[in-house]
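Chemist: The listed protein sequences correspond, in order, to chains A and B.
Heads up: the first sequence begins at 45 in the numbering used here, then just goes up one per residue.
Heads up: the second sequence begins at 14 in the numbering used here, then just goes up one per residue.
Every residue gets a Cβ at the ideal spot worked out from N, C-alpha and C, and that includes glycine.
One structure, pasted below without further comment.
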Amino acid sequence: MSTGTRIFSAALFVFAVIGVGRFLLVEPEPAVSGERTEQTARRFQSAQECRACHQDVWDEWYGSHHQIAYLNTEVRALSDDFRNKECQACHLPQPIEVTGFGQRTLPRKTRPDEGVGCIECHVDGEGRVMGTRDLPGAPCAPRARDEMADVVHCESCHNQHWTTDQWRASSYPEKGIGCNDCHMPEVARQLADGTTRKGRGHGYAGAHDTAMLKKAGTFTVTRDGAELVLALENTGAGHNFPTEERHRVVDIDYRFIAADGTEGAWERAYRFRQPYRDEPGENTQLPAGERHESRVAIPDGTARAEARLWYRLKPYISDDDPASTLLEEREVVIE
Amino acid sequence: MIARRRSALTLILALIGCAPERVRQATEPAVPALPPVELSPAMPGLEELAASAPAGPGEERIAELRDLFETGYRAGYAQPRSAAMAQRAFAEADDSVWALEDVLVNHEDPALRAQAAFLLGQSGRKAALPILMKRVKYEADPIAQSWVAGALAALGCHGALDQLATMMGREDSAQVAGSIAIDVLRAAGVELGETPSYQELQDRCVELFGAWKRLGVVPGEVQADGSAPAAPAVEDLDPLLRARLAAHLVALAHQPLRPVDDCRFIFQRVGLVGLRLAERCVRASEPHPRNHGLEIMLGLGRSAAVVGDAVLPLFDDELTGSVSMRVAGAVGYAPALPHLSARLGSEHVEIRAAAAAALGLMGDPEALPALAARLSDPNEVVDVRVEAAAAIARIDVGRAFLLERAQVGDYHEPTLLELLDGVDRERAAARSAALRGR
């Protein structure tokens with residue numbers, strides 16, 4: 045073999061080794077774009093993936109009305125078991141960021157038991173995690189997005205029934221009070237090293253939480269001469285009370301008790317509600333900061349009056365229905 | 014000799030190693046490229062069409078006609094002679110159909126709504142289709158509902174025969190619904206005995222409804238080879254019908270939930286007549302109309318086969334990719350098969366699940382191994398495994414073989430039927446057991 049042939053063979057051998065090496069050990073390519081690191085290349089697709097590190101948040105969220113958004117029997121009944129497909133866009137949405145914060149969401153068809161979960165609020169269209177702070181060292185490496193703590197984050201779904209519009213029309217934006225201040229209160233989160241940091245609760249207390257409902261309004265019942273004055277002021281909700289869907293109701297009921305102990309029937313003084321589209325009547329929901337007063341003539345011989353403030357998830361149900369919540373009870377002595 | 018062979022092998026390996034990336038990729042299984050996405054704003058055109066509705070006679074005239082209709086048809090409202098004269102005057106008025114639509118939608122008396130539905134059916138006014146179909150969604154009176162379904166059938170739309178079958182199952186409307194069904198079925202060429210049972214009528218109505226869902230036309234319009242004719246072009250539609258349908262599609266771009274749902278309800282039942290208009294939404298650059306357009310096609314199924322070309326480019330669309338794939342499966346768009354198979358390996362759960370579902374809807378037995386692999390992979394997420402399992406059940410080659418034998422007639426028919434019944438029973442039992450177990 046000539047020297048030239050030997051050199052050529054050696055060179056060929058080196059190329060072959062390089063070639064086979066390259067073929068067998070193909071280096072991983074960035075999944076989407078150059079800016080993604082190995083750590084953020086993972087596409088987060090289920091709340092289960094978040095659970096390992098965020099068990100406390102999972103525990104708050106699991107069982108919340110966000111988690112059961114698609115399973116909730118109340119919603120299933122009202123949406124004709126989701127045959128009313130348009131409801132699905134918010135009750136089983138794609139991640140909000142995909143369509144844009146504040147924009148209507150689009151429906152997904154997987155993970156029905158996760159309803160509105162970690163992925164829908166915290167993951168962008170490329171599967172990367174978003175938070176209120178940049179935390180590149182965390183396993184999920186969240187990137188800060190201003191919208192995360194903003195009303196616009198909730199708006200994609202919660203303005204379907206005009207709740208954030210009601211908030212914008214109130215004095216709450218000026219006061220700097222947003223959705224999270226009431227519905228995701230601050231909590232202390234325990235970190236792995238034993239220290240704590242400020243976080244937000246993920247239980248989303250709202251219309252199914254009696255304590256939350258009680259905070260929304262101030263209910264007063266007084267006597268003004270021959271009249272009983274029943275008033276409700278929206279002192280605690282940054283939106284109408286009640287808000288959201290048209291079947292939600294707040295009722296003020298009263299009755300008179302005669303001196304001989306005879307109890308009159310319960311009567312309705314006022315109903316706060318937006319009627320269904322095909323029902324007559326106007327929207328009587330109580331906007332934030334506003335007060336409504338009803339006056340009722342007190343019959344002769346009345347010893348005392350009783351009044352009740354009810355919150356009902358559906359309009360045409362009785363007091364003993366589990367969907368009726370008694371918020372306040374007042375008694376006024378007349379004689 | 015050996016040295017030469019070694020050199021040749023070394024040369025090949027060297028060439029592979031130093032070859033450009035794209036050459037090496039060519040040795041891997043090819044993933045077909047999708048056609049380019051071509052979307053354009055749909056709403057301006059639809060809004061224009063919606064605004065182009067020919068003017069009606071005006072509120073005053075409609076109120077006048079409505080009075081005439083009430084005089085003629087409201088029980089006990091007028092003397093028989095006056096009622097007969099009013100009926101005649103109403104029938105002779107050129108513009109009475111406008112009042113019929115008004116009564117159908119707004120009148121409090123269900124008997125008058127039922128009468129209005131019947132007369133609309135007799136009028137031949139295709140433009141009434143969206144109004145009648147929306148009534149199907151909202152009509153609470155079972156007798157009026159039966160007449161609405163009958164009117165739609167009289168106008169060449171079998172999209173409410175499922176409702177007619179349901180009304181036959183109710184004691185208060187069975188007789189009326191049954192007599193309407195007999196007329197509808199006979200007009201559709203269905204042979205019935207002298208005294209058909211309610212069950213038979215219900216079954217035949219459900220069958221016709223199924224055929225309508227598959228083809229989007231009534232049996233008389235089906236072509237000789239069993240396929241549906243081409244969907245009518247938008248330009249060829251009656252101008253008022255076109256404007257009314259377009260007005261419903263315009264709702265898809267807006268927030269209110271119920272009009273959006275109304276639109277989807279109407280387009281999923283009205284047949285081929287609305288297909289070309291709804292297809293505009295599939296090609297819309299506006300994401301929500303596009304999504305709803307695709308969902309409409311998903312509901313239409315095989316009768317929307319023509320939209321296959323429009324949905325394929327959307328497979329990689331971040332917003333509507335997964336629903337596009339499901340549509341391709343539902344409409345049976347065969348060119349989508351390799352793209353769907355390729356996406357069974359997507360990193361995105363929603364896409365893998367949609368690919369599995371679509372392959373099941375396609376019914377392609379060649380997809381079985383890939384679906385079985387998804388199903389049996391313990392590391393696969395349950396959404397995808399469930400879709401893969403459902404897809405395998407749909408493809409159902411074994412059941413199809415039995416059905417084919419029954420059709421061809423080359424095997425003992427009672428045995429085949431017994432086996433088929435058994436398969437179906439086992440499935441139903443398995444479903445029940447699974448649900449009970451929960």
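Whose C-alpha, out of A:L276, A:E191, A:W105 and A:C97, is nearest the C-alpha of V160 of chain A?
Modeler: A:W105
Chemist: Please report the residue range of the alpha helix (DSSP H) in which L115 of chain A lies.
Modeler: From DSSP, L115 of chain A is part of no alpha helix (DSSP H); its letter is neither H nor E.
Chemist: Quick check on Y151 of chain B: does DSSP put it in helix, strand or coil?
Modeler: helix
Chemist: Spell out whether any CB of chain B is found under 8 Å from the CB atom of T207 of chain A.
Modeler: no
Chemist: For a contact meaning CB atoms closer than 9 Å, what does H301 of chain B contact in chain A?
Modeler: A133, T143, Q147, R148 and L150
Chemist: Can you look up W310 of chain A in the DSSP assignment and give me helix, strand or coil?
Modeler: coil
Chemist: What does DSSP give as the partner residue(s) for E268 of chain A in the beta ladder?
Modeler: One point to set straight first is that residue 268 of chain A is Asp, not Glu, in the sequence displayed. Per DSSP, A:E271.
Chemist: For a contact defined as C-beta to C-beta under 9 Å, what are the partners of T117 of chain A on chain B?
Modeler: T117 of chain A does not reach chain B, its nearest Cβ partner there being about 14 Å away, counting only Cβ pairs nearer than 9 Å.
Chemist: Determine which residues of the stretch 118 to 142 of chain B have a Cβ less than 8 Å from any Cβ of chain A, and write them out in chain order.
Modeler: none
Chemist: Whose C-alpha, out of A:A121, A:S368 and A:V167, is nearest the C-alpha of R292 of chain A?
Modeler: A:S368
Chemist: Determine, using beta carbons only, whether Q38 of chain B comes closer than 8 Å to chain A.
Modeler: Because Q38 of chain B carries a pLDDT of 41, less than 50, the predicted location of this residue cannot be relied on, and the following value inherits that uncertainty. Taking Cβ atoms only, chain A never reaches closer than 8 Å to Q38 of chain B, which makes this a no.
Chemist: Starting from P338 of chain A and walking both ways along the beta strand (DSSP E), at which residues does that stretch end?
Modeler: First, the residue type needs correcting, since residue 338 of chain A is Ser and not Pro in the sequence shown. Element bounds for S338 of chain A: R335 to A341.
Chemist: Does any C-beta atom of chain B lie closer than 8 Å to the C-beta of E199 of chain A?
Modeler: no
Chemist: Evaluate the contact criterion for the stretch 425 to 441 of chain B versus the stretch 395 to 402 of chain B: three or more CB pairs, one atom per stretch, below 8 Å.
Modeler: no
Chemist: Could you pull the DSSP bridge partners for L330 of chain A from this structure?
Modeler: Bridge partners of L330 of chain A according to DSSP: A:F285.
Chemist: Scan the stretch 152 to 204 of chain A and note each continuous beta strand (DSSP E) run of 3 residues or more that stays entirely inside, going in chain order.
Modeler: none
Chemist: With 16 other CB atoms within 10 Å as the buried threshold, where does R177 of chain A fall?
Modeler: exposed
Chemist: In three-state terms, what does DSSP make of A264 of chain B?
Modeler: Correct three-state label for A264 of chain B: helix.
Chemist: Under the rule that 16 or more other beta-carbon atoms within 10 Å means buried, what is E375 of chain A, buried or exposed?
Modeler: exposed
Chemist: Between P54 of chain B and E400 of chain B, which are expected to be in contact by the criterion C-beta below 8 Å, what is the C-beta distance as a whole number of angstroms?
Modeler: Contact flag wrong, Cβ pair sits at about 33 Å.
Chemist: So, helix, strand or coil for P70 of chain B, using DSSP?
Modeler: coil
Chemist: Mapping DSSP to helix, strand and coil, what is I378 of chain A?
Modeler: coil
Chemist: The beta strand (DSSP E) spanning W354 of chain A covers which residue range?
Modeler: T346 to R356
Chemist: Starting from the N-terminal side, write out each stretch of the beta strand (DSSP E) that is 3 residues or longer and does not extend beyond the stretch 209 to 242 of chain A.
Modeler: Fully enclosed beta strand (DSSP E) runs of 3 or longer: 230 to 234.
Chemist: At 7 Å on the CB atoms, spell out the chain A contacts of L332 of chain B, in chain order.
Modeler: V142, T143 and L150
Chemist: Identify the continuous alpha helix (DSSP H) that holds R271 of chain B and give its terminal residues.
Modeler: Its alpha helix (DSSP H) spans residues L270 to F280.
Chemist: With H, G and I counted as helix, E and B as strand and the rest as coil, what does DSSP make of P48 of chain B?
Modeler: coil
Chemist: Which chain B residues are close to E373 of chain A, counting only those with a beta carbon under 8 Å from its beta carbon?
Modeler: Those do not exist, as E373 of chain A stays about 36 Å from chain B at its closest Cβ, beyond 8 Å.
Chemist: By the three-class DSSP mapping on this structure, what secondary structure does T262 of chain A have?
Modeler: T262 of chain A: strand per DSSP, three-state reduction.
Chemist: Roughly how many angstroms separate the alpha carbons of Q99 of chain A and D253 of chain A, rounded to a whole number?
Modeler: 22 Å
Chemist: Cα separation between R79 of chain B and S354 of chain B?
Modeler: 58 Å
Chemist: Nearest to L214 of chain B by alpha carbon, out of B:E234, B:Q236, B:G229 and B:V189?
Modeler: B:V189
Chemist: I want to verify the contact list: residues of chain B whose CB lies under 9 Å from the CB of K358 of chain A, in sequence order.
Modeler: Going along chain B, no residue has its Cβ under 9 Å from K358 of chain A, so there is no contact; the nearest lies around 18 Å.
Chemist: Could you please give the first and the last residue of the uninterrupted beta strand (DSSP E) stretch that includes R299 of chain A?
Modeler: V293 to A302
Chemist: Return the Cβ separation of A302 of chain A and T346 of chain A in integer angstroms, given the expectation that the two are a contact with Cβ distance under 8 Å.
Modeler: 6 Å
Chemist: Counting C-beta neighbours from all protein chains within 10 Å, is the total for A386 of chain B 16 or more, i.e. buried, or is it exposed?
Modeler: Exposed, because fewer than 16 other Cβ atoms sit within 10 Å of the Cβ of A386 of chain B.
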